[in-house]
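**Student:** Numbering (the working numbering), first residue to last: 9 to 389.
Here it is: the structure, laid out below.
This is the structure in structure tokens:
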């Protein structure tokens with residue numbers, strides 16, 4: 009058996025009260041001369057517009073149509089009352105018009121908001137003209153009360169509309185920032201793998217004459233790098249689609265993935281070694297591990313791009329005084345035989361610095377004493 013929520017009870021009470029008020033409106037609409045069928049029709053149209061569940065609205069029942077038609081019906085009833093019938097007004101019609109005014113201000117398209125709000129507000133302000141058309145002071149007093157109700161309703165609806173807009177903007181900005189970060193990840197992954205393919209292809213071309221029997225490991229490395237690049241692109245393009253689980257499928261790395269980067273980096277002419285201190289914990293925050301993975305990935309990519317003559321690359325992970333230190337060093341002299349278009353635009357280290365400093369860390373990149381280059385990042389653990 010389903011439990012009834014407080015919101016459901018309040019909604020049911022509101023609907024019941026509206027029906028009771030509508031019965032009173034119709035019963036006393038002509039002060040004992042019988043019910044007014046124009047008012048009954050107005051209440052029927054307005055009640056349907058207010059109570060029709062939003063999830064079941066047909067496409068043609070737009071907010072502007074939903075709010076404008078009952079207001080026009082009410083104004084027509086008021087004109088008929090002033091001219092000939094003397095119809096009264098009651099709480100149900102007033103409540104319906106105020107509800108529709110709220111809907112007009114909050115939900116109507118921007119170009120229709122003013123027109124629909126003016127129609128509903130005018131219908132509310134015109135109600136006292138029905139019984140008090142000949143009593144100016146009394147009519148103006150009721151109109152002043154109606155003006156206060158209209159102002160409060162418009163202010164509340166406008167506030168909620170502004171909150172909806174701010175929420176939409178915040179969601180859009182968050183999604184845009186996330187997609188920009190995903191695009192940066194795509195660049196990091198694919199650039200790393202494609203650069204490896206290019207370097208190993210050059211090695212394979214050199215070995216066709218000097219050592220054709222040793223080509224198989226190099227070709228296997230090319231195949232592995234190409235497969236990983238395609239997998240990274242497939243995952244990232246999937247993330248860029250509008251799916252609820254996009255954040256869970258975002259391609260990120262961790263400290264355990266650094267070993268795979270180092271293993272996949274080695275070639276017949278370049279060796280790579282990972283030195284991980286036993287003190288490095290396994291449960292570091294995920295954002296720290298992902299940033300450390302990116303540092304190693306970008307540094308290894310830069311070695312291939314700018315230090316093709318390096319023979320030894322060393323990746324070190326240390327943890328001292330609650331700080332994780334990640335360093336990547338090589339013994340190259342800056343020689344590279346890659347085409348100029350494969351060298352990159354020089355924005356990799358800039359992006360790394362932003363990523364590291366955003367986590368409260370520090371990044372240093374520069375030449376080592378003697379030959380070689382070193383990239384070192386320190387993160388608060």
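A virtual CB, placed ideally from N, CA and C, is assigned to each residue, including glycine.
1. Are residue 134 and residue 75 closer than 7 Å when you measure CB to CB?
2. Does the Cβ of residue 387 have 16 or more other Cβ atoms within 10 Å, making it buried, or fewer, making it exposed?
3. Assign residue 273 to one of two classes, buried (16 or more other C-beta atoms within 10 Å of its C-beta) or exposed (fewer than that).
4. Counting pairs of Cβ atoms below 8 Å between the region 116-128 and the region 170-183, do you hit three or more?
5. Tell me the DSSP secondary structure of residue 120 in three-state form.
6. In angstroms with no decimal places, state the Cα-to-Cα distance between residue 321 and residue 389.
7. Suppose you measure from the CA of residue 326 to the CA of residue 333; what does that come to, to the nearest Å?
8. Hey, residue 299 and residue 341 are a contact pair by Cβ (cut 8 Å); roughly how many whole angstroms apart?
9. Note down the Cα distance separating residue 297 from residue 172, rounded to an integer number of angstroms.
10. Terminal residues of the continuous beta strand (DSSP E) containing residue 65?
11. In the structure shown, what three-state DSSP assignment does residue 367 receive?
12. Starting from residue 270, trace the alpha helix (DSSP H) both ways and give me its first and last residue.
13. Let me know if residue 72 comes out buried or exposed under the rule of 16 or more other beta-carbons within 10 Å of its beta-carbon.
14. Counting pairs of beta carbons, one from the region 369-378 and one from the region 283-292, are three or more of them closer than 8 Å?
15. Is it buried or exposed for residue 46, if we count other Cβ within 10 angstroms and need 16 for buried?
**Tutor:** Judging by the given coordinates:
1. Their beta carbons are not under 7 Å apart, which means residue 134 does not touch residue 75 by this criterion.
2. Flag for residue 387 reads buried.
3. So residue 273 counts as buried.
4. Fewer than three beta-carbon pairs drawn from the region 116-128 and the region 170-183 are found closer than 8 Å, and the two stretches are therefore not classed as touching.
5. Residue 120: helix per DSSP, three-state reduction.
6. Cα-Cα distance, rounded: 25 Å.
7. Straight-line Cα distance between these residues: approximately 5 Å.
8. With a Cβ gap of about 29 Å, residue 299 and residue 341 do not count as contacting.
9. Between residue 297 and residue 172, the C-alpha separation is close to 36 Å.
10. It is not in any beta strand (DSSP E) - residue 65 carries neither H nor E in the DSSP assignment.
11. Coil, per DSSP.
12. Unbroken alpha helix (DSSP H) run through residue 270: 263-273.
13. Result: buried.
14. Here the region 369-378 does not lie against the region 283-292, with fewer than 3 beta-carbon pairs under 8 Å apart.
15. Buried: at least 16 other Cβ atoms inside 10 Å.
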